[in-house]
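Engineer: Protein chains in written order, with my numbering: chain Z, 127 to 630; chain A, 3 to 64.
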């Protein structure tokens, strides 16, 4: 079941329920024809869950097979990790990264791109520290970004609020080729064309789109709304939080506009993803290439009263993610077995025929080929230092943490446990071989826990996919799911402090 | 609705204790003001950013 090549594509923040291949469970008819076209030749996973959230923790799951959120937050590749590109290069397989995901190049998340033989970095998304001019950026873009148009726009802080407006200054909003997903997927199809001479390869494409800012060019900006997309009262980059209070408060009109711009961005991504499919057709690569398309998490757009990826319960809008796998020797179809983001690591290694440790990852190839119908009993997901959540594919159980009990961060590096993107702070720490999956010593130090809800939450997602009725306290399933959570943490040999923090 | 939003990493333990006692205060893992947050005490009050020498100052407390 090995293949010559693997093309792994992440489309950030791609809400599963916006996709035609997943039934598009929304009122709006969003064009996703190319993802649907790909789904027809791929195995479509119906019960796939995120693991560690948000962006970089998901990437460490995919690239190293580590279910990291029980041990540490957003952070670097560890010295004891074997990344997919490192494993590939040691097997003589060249690797390439194509991305506009600027977090790879920031404080706090080093080590992700360095093992690739080549990388293409499309500059300028979100807070990418790219442009310093114009000093006084376009006020309309700042207002639509809901970012400061006061004196602080001249600040020199990390993640400066005016960065995006400066980065896209001069972009023609009538020319989509100047925007991010078009550039990323164009670079991808070009890489596929130029590298035909290699016998084998691993290419990882990480598109920051659909991630906010939901600033899109025409025709996408007007595709799903009758509003004027340049109206400064309408935001394409709302703050995370409740939609009914604080800095994230939105009117119905503003929320509807954000949804429309998100939908427009999904369609823009889809159209340019289609160019990669066309290139795979032209180069005749389907018979020798495994192609994986997935996302790290979703994005709340008013569901449960939230927007973004705030300190909210981890409902399925964020945690239940899309996954499509084309394998040349598989017939496609749908898989309803429970799978987890961390499983992509072993899947890629198996497909490339590379031996070695899989850590927390279990290959999906037996499901893809139809040699197995069941894969795992549980999938754990969450943010470090917060609730720990588990699903068996039927029920989702969200277990709160005790905020007064600190969480422990484990890493060979000093990290900023909550301020992920800034200079890591040296801290008082103890060292030791605290990790069950590595012999290396690491630092261990505490940081505040973050509560997302006070009581356990339980949903039957088979009958209640939007998780509107919390059935905790009404059924014996709660005890069974709690036991499953304990069992899952035991199987991973999770740190002892987690049991205290979670009251388990 | 007007409320006080604070970053649980920005507010020190004493400030978190004081803020946790207020019905109109909301502790958050991130206010998406990372650069300002890294430099010193911040709050978002009624949607507007406030910066100052301490959270007590920002709240007008002694």
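Just so it is clear, CB atoms sit at the ideal spot from N, CA and C, and this is done for glycine as well.
Looking at C-alpha atoms only, which residue of Z/378, Z/412 and Z/392 is the closest neighbour of residue 138 of chain Z?
Structural biologist: Your numbering for residue 138 of chain Z matches position 12 in the first chain. When only C-alpha atoms are compared, the closest one is Z/392.
Engineer: According to the neighbour-count rule (16 or more other Cβ atoms, all chains shown, within 10 Å of its Cβ), is residue 169 of chain Z buried or exposed?
Structural biologist: The sequence position of residue 169 of chain Z within the first chain is 43, counting from 1. Looking at its Cβ environment, which holds 16 or more other Cβ atoms inside 10 Å, residue 169 of chain Z is buried.
Engineer: How should residue 500 of chain Z be labelled, buried or exposed, when 16 other C-beta atoms within 10 angstroms of its C-beta is the threshold for buried?
Structural biologist: One-based indexing of the first chain puts residue 500 of chain Z at position 374. Result: exposed.
Engineer: Going along chain Z in order, which residues have a C-beta closer than 9 Å to the C-beta of residue 44 of chain A?
Structural biologist: Start at 1 with the first residue of the second chain, and residue 44 of chain A comes out as number 42. None at all; the shortest Cβ gap to chain Z is about 11 Å.
Engineer: Rounded to a whole number of angstroms, what is the C-alpha to C-alpha distance between residue 463 of chain Z and residue 506 of chain Z?
Structural biologist: Numbered from 1 along the first chain, position 337 holds the residue referred to as residue 463 of chain Z. Numbered from 1 along the first chain, position 380 holds the residue referred to as residue 506 of chain Z. Roughly 15 Å between the two C-alpha positions.
Engineer: Quick one: is residue 423 of chain Z near chain A, going by C-beta distance under 8 Å?
Structural biologist: The residue given as residue 423 of chain Z occupies position 297 in the first chain. It does not; no Cβ of chain A falls within 8 Å.
Engineer: Taking the alpha-carbon positions, what's the residue 344 of chain Z to residue 254 of chain Z distance?
Structural biologist: Position 218 of the first chain, counting from 1, holds the residue named residue 344 of chain Z. Position 128 of the first chain, counting from 1, holds the residue named residue 254 of chain Z. Roughly 23 Å between the two C-alpha positions.
Engineer: Among Z/269, Z/461 and Z/494, which residue has its Cα nearest to the Cα of residue 452 of chain Z?
Structural biologist: The residue given as residue 452 of chain Z occupies position 326 in the first chain. Residue Z/494 is the option with its Cα nearest to residue 452 of chain Z.
Engineer: Given a limit of 7 Å on CB to CB distance, which residues of the stretch 280-298 of chain Z reach chain A?
Structural biologist: 281, 283, 284, 285 and 286
Engineer: Is residue 403 of chain Z buried or exposed, if buried means 16 or more other CB atoms sit within 10 Å of its CB?
Structural biologist: Translated into positions along the first chain, residue 403 of chain Z becomes position 277. The Cβ neighbour count for residue 403 of chain Z, taken over all protein chains shown within 10 Å, is at least 16; the residue is labelled buried.
Engineer: Please classify residue 346 of chain Z: does DSSP put it in a helix, a strand, or coil?
Structural biologist: Sequence index remark: in the first chain, residue 346 of chain Z carries index 220 (1-based). The answer is helix: DSSP assigns residue 346 of chain Z an H, G or I state.
Engineer: I need the straight-line Cα distance from residue 7 of chain A to residue 596 of chain Z, nearest angstrom please.
Structural biologist: As a working note, residue 7 of chain A is residue 5 in the second chain. As a working note, residue 596 of chain Z is residue 470 in the first chain. The straight-line gap from Cα to Cα measures roughly 27 Å.
Engineer: Find the nearest neighbour of residue 154 of chain Z within the set Z/542, Z/486 and Z/383, judged by alpha-carbon distance.
Structural biologist: For the purposes of this step, residue 154 of chain Z is identified with residue 28 of the first chain, where counting begins at 1. Minimum Cα distance to residue 154 of chain Z is reached at Z/383.
Engineer: Could you give the uninterrupted runs of the alpha helix (DSSP H) lying entirely in the stretch 208-239 of chain Z, keeping only those of 4 residues or more?
Structural biologist: 210-216
Engineer: Where DSSP assigns a beta bridge to residue 135 of chain Z, which residues make up the other side?
Structural biologist: Mapped onto the first chain, residue 135 of chain Z falls at position 9. Answer is Z/331 and Z/419.
Engineer: Under a three-way DSSP split, which group does residue 159 of chain Z fall into?
Structural biologist: Counting from 1 along the first chain, the entry for residue 159 of chain Z is found at position 33. In this structure, DSSP gives residue 159 of chain Z a helical state, which the three-state scheme calls helix.
Engineer: So, is residue 625 of chain Z buried or exposed, given that buried needs 16 or more other C-beta atoms within 10 angstroms?
Structural biologist: As a working mapping, residue 625 of chain Z is identified with position 499 in the first chain. It is exposed - the Cβ of residue 625 of chain Z has fewer than 16 other Cβ atoms within 10 Å.
Engineer: In the structure shown, what three-state DSSP assignment does residue 275 of chain Z receive?
Structural biologist: Within the first chain, numbered from 1, the residue matching residue 275 of chain Z stands at position 149. Residue 275 of chain Z falls in the coil class under three-state DSSP.
Engineer: Can you tell me whether residue 56 of chain A is buried or exposed? The criterion is at least 16 other CB atoms within 10 Å of its CB, across all chains shown.
Structural biologist: As a working note, residue 56 of chain A is residue 54 in the second chain. Residue 56 of chain A is exposed by the Cβ-count criterion.
Engineer: What residue range is occupied by the uninterrupted beta strand (DSSP E) comprising residue 586 of chain Z?
Structural biologist: Stepping through the first chain from its first residue, residue 586 of chain Z is reached at position 460. 583-586 is the span of the beta strand (DSSP E), which, as asked, contains residue 586 of chain Z.
Engineer: Check distances from the C-beta atoms of the stretch 532-551 of chain Z to those of chain A and list, in chain order, the residues that come in under 9 Å.
Structural biologist: Answer in chain order: 542, 543, 544, 545, 546, 547, 548 and 549.
Engineer: Identify the residues that DSSP records as bridge partners of residue 30 of chain A: which are they?
Structural biologist: For the purposes of this step, residue 30 of chain A is identified with residue 28 of the second chain, where counting begins at 1. Per DSSP, A/9.
Engineer: Show which residues of chain A have a CB atom less than 9 Å away from the CB atom of residue 437 of chain Z.
Structural biologist: Locating residue 437 of chain Z in the first chain gives position 311, counting from the first residue. Within 9 Å Cβ-Cβ: 10, 28, 29, 30, 31 and 32.
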